[in-house]
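Each remark here refers to the structure printed beneath this line.
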Amino acid sequence: MSWNERVELYGKIETYRKRPLIAYITSKREGVNGLMATDVLPYIIKQIDDLPPDTKAVDFLIVSYGGDPMVAWRIMSLIRQRGIDKVAVIIPQSAFSAATLVAFGADEIVMHPNGHLGPVDLQITTWGEGGQPKRFSTEDISAFLEFVRENLKITDQQHIRALFELTCKEVGTLGIGFTARSSKLAVDLGERLLALHMKGEEAKTKIKSIVSHMSTKFYSHAFPVSRTDAASIGLPVNKERDRELEKLMWAVWLNVAEELQEHTPFDPLMELLKSPEAKKLLAPVLQFAIPYGATQTTNWNTGIEDVVKNAKEKIEPVDFEYINAVVESSRNAHRNVHKGKILSARNIDMMIHYNRIIMSREWQPVGATESEKQAKGAKP
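Numbering (the numbering used here), first residue to last: 122 to 501.
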């Protein structure tokens with residue numbers, strides 16, 4: 122599948138909705154999840170620049186597990202700053218975390234029955250000893266202290282202080298501070314984005330209620346918030362199902378999912394075993410015949426020179442490539458492509474060891490853009 126096939130689907134949605142559409146999808150493929158990041162902004166701007174000059178309403182289709190929450194704010198700010206009065210966010214599938222924040226900024230949220238939003242409590246990553254990542258939610262620290270007081274019934278301030286000191290030691294004092302700021306950031310961004318379209322004194326109370334619910338009321342960052350749930354919370358979700366639009370948005374998602382290989386986990390070992398180098402990695406094992414009568418005291422010595430001298434095979438690096446994200450419309454398309462190599466060897470312990478190296482991460486144009494077509498005199 123490709124963007125050229127999706128152009129027709131985008132055109133049908135735009136004709137049906139009577140407004141242009143922009144799509145932003147990050148990979149949810151197991152092993153190579155893509156995240157919303159600031160490097161997408163130039164290509165969002167390109168999409169906005171290519172909108173018809175008199176555009177007053179836009180559909181923004183998004184599928185993502187989330188990422189940088191500031192990207193959500195920047196996307197909506199960039200669209201609104203162009204004088205676009207009405208923005209609808211279309212969600213055919215998952216729109217978690219920062220992608221949910223994008224939906225907060227929309228006048229209308231159009232969700233497929235298979236689509237869902239997610240909690241907006243921000244996720245923190247710190248690095249422990251040995252460079253191992255530690256990931257936790259902004260709500261986890263508060264939940265721990267609440268568990269100590271409510272479940273374990275530990276109310277003595279000295280004990281609570283000791284437990285908090287242990288938490289600081291594990292997370293770090295700067296980590297605690299960053300967590301506190303991140304919690305405030307989630308609330309602030311959520312309220313700012315909702316305030317883009319919810320006006321008036323009564324709306325202020327509703328905004329605070331929505332943000333509070335979406336940031337503190339779910340006990341998992343991966344909790345799927347359905348159409349019904351989102352509407353009951355107070356988000357501007359489509360009340361009635363539009364089956365024609367559902368069919369078109371789901372067709373877009375299936376097409377993109379196939380191109381991003383969403384249903385095929387990326388495993389470096391599997392990539393190796395699919396390559397011609399697999400024959401070398403899985404070659405028959407040479408057996409060493411120990412002479413009859415050899416004793417346990419017999420010494421068998423070798424050095425690295427002998428290993429290099431007698432090496433039978435050279436395992437060539439295996440190339441890999443995958444799409445990390447796409448930004449596209451019926452007018453132009455860009456995709457974020459990651460390329461790299463997998464180095465491998467089968468050691469004396471019979472284990473296959475490998476190292477995955479990313480060689481490049483870059484956004485690439487797909488086909489000719491609208492301006493390029495016009496420059497060449499081609500029909501748009």
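C-beta: ideal position from N, C-alpha, C; glycine also.
**Report entry** residue 142 - DSSP class collapsed to helix/strand/coil
**Finding:** Here residue 142 corresponds to residue number 21 of the sequence shown, with the count starting at 1. If DSSP states are grouped into helix, strand and coil, residue 142 belongs with the strands.
Query - Reduced DSSP secondary structure (H/G/I, E/B, other) of residue 437 - result: Here residue 437 refers to the residue found at position 316 when the sequence shown is read from its first residue. Coil.
Query raised in the report: For the region 149-210, which segments carrying the beta strand (DSSP E) assignment without a break, of at least 3 residues, lie completely within its bounds, in sequence order?
Result: 178-184
Requested in this report: Return helix, strand or coil for residue 317, following the three-state DSSP convention.
Outcome: For the purposes of this step, residue 317 is taken as the residue at position 196 of the sequence shown. Reduced to three states, the DSSP call for residue 317 is coil.
Requested in this report: Counting only runs of 4+ residues fully inside the region 378-410, write out the alpha helix (DSSP H) ranges in chain order.
Outcome: 389-395 and 399-402
Query raised in the report: How would you call residue 404, buried or exposed, if buried means at least 16 neighbouring beta carbons within 10 angstroms?
Result: By 1-based counting over the sequence shown, the position of residue 404 is 283. Result: exposed.
Query - Boundaries of the beta strand (DSSP E) in which residue 356 is found, first to last residue - result: What you label residue 356 is simply residue 235 of the sequence shown in a count that begins at 1. Note, residue 356: premise wrong, no beta strand (DSSP E); not H, not E.
Query raised in the report: Leaving out five residues before and five after residue 447 in sequence, what residues of the same chain have Cβ atoms less than 6 Å from its Cβ?
Result: Mapped onto the sequence shown, residue 447 falls at position 326. Answer for residue 447: 146 and 456, listed in chain order.
Query - C-beta atoms of residue 217 and residue 238 nearer than 9 Å - result: Looking up residue 217 in the sequence shown gives position 96. Looking up residue 238 in the sequence shown gives position 117. Taking 9 Å as the Cβ cut-off, residue 217 and residue 238 qualify as a contacting pair.
Query raised in the report: Should residue 460 and residue 436 be called a contact, given that it needs their Cβ atoms to be closer than 9 Å?
Result: For the purposes of this step, residue 460 is taken as the residue at position 339 of the sequence shown. For the purposes of this step, residue 436 is taken as the residue at position 315 of the sequence shown. No.
Query raised in the report: By a C-beta neighbour count over all protein chains shown, 10 Å radius and 16 as the cutoff for buried, is residue 397 buried or exposed?
Result: Stepping through the sequence shown from its first residue, residue 397 is reached at position 276. Looking at its Cβ environment, which holds fewer than 16 other Cβ atoms inside 10 Å, residue 397 is exposed.
Query raised in the report: Can you name the start and end residues of the beta strand (DSSP E) that residue 341 belongs to?
Result: The count along the sequence shown starts at 1 and reaches residue 341 at position 220. Taken as a continuous stretch (DSSP letters only), residue 341 belongs to no beta strand (DSSP E), as it is neither H nor E.
Query - Sequence-distant residues of the same chain with beta carbon closer than 6 Å to residue 337, five excluded per side - result: Residue 337 sits at position 216 when you count from the first residue of the sequence shown. Cβ neighbours of residue 337 beyond the five flanking positions: none.
**Report entry** Contacting residues, own chain, Cβ-Cβ under 7 Å from residue 149 (five flanking each side not counted)
**Finding:** As a working mapping, residue 149 is identified with position 28 in the sequence shown. 186, 215 and 383.
Query raised in the report: Can residue 227 and residue 357 be called in contact, C-beta distance under 9 Å?
Result: In the sequence shown, the residue the question calls residue 227 occupies position 106. In the sequence shown, the residue the question calls residue 357 occupies position 236. Yes.
Requested in this report: Would you grab the beta carbon distance between residue 161 and residue 172 for me? Rounded to a whole angstrom, and I think it's under 8 Å.
Outcome: Reading the sequence shown from its first residue, position 40 is the one you call residue 161. Reading the sequence shown from its first residue, position 51 is the one you call residue 172. With 8 Å as the limit, residue 161 and residue 172 do not qualify as a contact, their Cβ atoms being about 17 Å apart.
Query raised in the report: If we count the other Cβ atoms within 10 Å of its Cβ and call it buried at 16 or more, is residue 488 buried or exposed?
Result: Within the sequence shown, numbered from 1, the residue matching residue 488 stands at position 367. Answer is exposed; the Cβ neighbour count stays below 16.
Query raised in the report: Is residue 364 buried or exposed, if buried means 16 or more other CB atoms sit within 10 Å of its CB?
Result: Translated into the one-based positions of the sequence shown, residue 364 becomes position 243. Per the 10 Å Cβ criterion, exposed.
Requested in this report: Starting from the C-beta of residue 385, find all residues in its chain whose C-beta is less than 8 Å away, skip the five residues before and the five after it, and write them out in chain order.
Outcome: Residue mapping note: residue 385 aligns to position 264 of the sequence shown, counting from 1. Cβ neighbours of residue 385 beyond the five flanking positions: 150.
Query - Proximal residues to residue 373 (C-beta, below 8 Å), its chain only, five neighbours per side dropped - result: On the sequence shown, residue 373 is found 252 positions in, with the first residue counted as 1. Here the set comprises 127, 130, 131, 134, 144, 182 and 213.
Query raised in the report: Among the residues of its own chain, which have a CB less than 6 Å from the CB of residue 442, if the five just before and after it don't count?
Result: The residue labelled residue 442 in the question sits at position 321 within the sequence shown. Correct list, in chain order: 460.
Report task. Reducing DSSP to helix, strand and coil, say where residue 474 ends up. Result -> Reading the sequence shown from its first residue, position 353 is the one you call residue 474. In this structure, residue 474 counts as strand in the three-state DSSP scheme.
Report task. Closer than 8 Å by C-beta to residue 376: which residues in its own chain qualify, once you throw out the five before and the five after it? Chain order, please. Result -> As a position in the sequence shown, residue 376 is number 255, starting the count at 1. Cβ neighbours of residue 376 beyond the five flanking positions: 122, 126, 127 and 130.
Query raised in the report: If we call anything under 9 Å between Cβ atoms a contact, is residue 484 one with residue 164?
Result: Here residue 484 corresponds to residue number 363 of the sequence shown, with the count starting at 1. Here residue 164 corresponds to residue number 43 of the sequence shown, with the count starting at 1. The answer is yes: Cβ separation under 9 Å.
Query raised in the report: Residues bridged to residue 484 by DSSP?
Result: Position 363 of the sequence shown, counted from the first residue, corresponds to residue 484. DSSP lists 457 as partners of residue 484.
Report task. Compute the Euclidean distance between the alpha carbons of residue 475 and residue 387, then round it to the nearest angstrom. Result -> In the sequence shown, counting from the first residue as 1, residue 475 sits at position 354. In the sequence shown, counting from the first residue as 1, residue 387 sits at position 266. The straight-line gap from Cα to Cα measures roughly 14 Å.
**Report entry** Residues near residue 199 in its chain [Cβ-Cβ closer than 7 Å; skip 5 each side]
**Finding:** One-based indexing of the sequence shown puts residue 199 at position 78. Within the same chain, residue 199 has close Cβ partners 165, 166 and 169.
Report task. Pull up the distance between the alpha-carbon of residue 502 and that of residue 470, whole angstroms please. Result -> Because the chain is modelled from 122 through 501, residue 502 falls outside the range shown and cannot be assessed.
Query raised in the report: Among 381, 354, 400 and 313, which has the Cα closest to the Cα of residue 154?
Result: The residue you call residue 154 lines up with position 33 of the sequence shown. Comparing Cα-Cα distances from residue 154 to each of 381, 354, 400 and 313, the minimum goes to 381.
Query raised in the report: So residue 231 is in the beta strand (DSSP E); what residue range does that whole segment cover?
Result: Looking up residue 231 in the sequence shown gives position 110. Start and end: 229-232.
**Report entry** Rounded Cβ spacing between residue 344 and residue 240 (contact assumed at less than 8 Å)
**Finding:** As a working note, residue 344 is residue 223 in the sequence shown. As a working note, residue 240 is residue 119 in the sequence shown. That belief holds up - the Cβ atoms of residue 344 and residue 240 are roughly 6 Å apart, short of 8 Å.
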